[in-house]
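K.L.:
A single structure is presented below for examination.
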């Protein structure tokens, strides 16, 4: 039986996920695949109880600033979210 993206997310989240608060009542959760190349995100709202899981795995991209370390990011709703801004939760 084929798994939905929500089921895939839930399975990987058992091992931990990253959370980034975007407003007073919710934020984004992200899980990374076993190879560290793609991410699956979920939009969580604690206030309304709704959540939306992305329908596809997203390639992790990198920026290389002139004087600094490369930073990994994913795009959610057209905005970059750097993975080092996510807090690991169990």
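Residue numbers (this note's numbering): 207 to 296. We treat Cβ as the ideally placed atom computed from N, Cα and C, and that holds for glycine.
Please look up how many angstroms separate the CB atoms of residue 292 and residue 220, rounded, as I've assumed it's under 8 Å.
P.N.:
Wrong, their Cβ atoms sit about 17 Å apart, outside the cutoff.
K.L.:
Just tell me which of 269, 284, 273 has its CA closest to the CA of residue 290.
P.N.:
Of 269, 284, 273, the residue nearest in Cα terms is 269.
K.L.:
Classify residue 295: buried if its beta carbon has 16 or more other beta carbons within 10 angstroms, exposed otherwise.
P.N.:
Residue 295 comes out exposed.
K.L.:
Specify the secondary structure class of residue 249 as computed by DSSP and reduced to three states.
P.N.:
Residue 249: strand per DSSP, three-state reduction.
K.L.:
Using DSSP bridges, identify the partner residues of residue 227.
P.N.:
According to DSSP, residue 227 bridges with 233.
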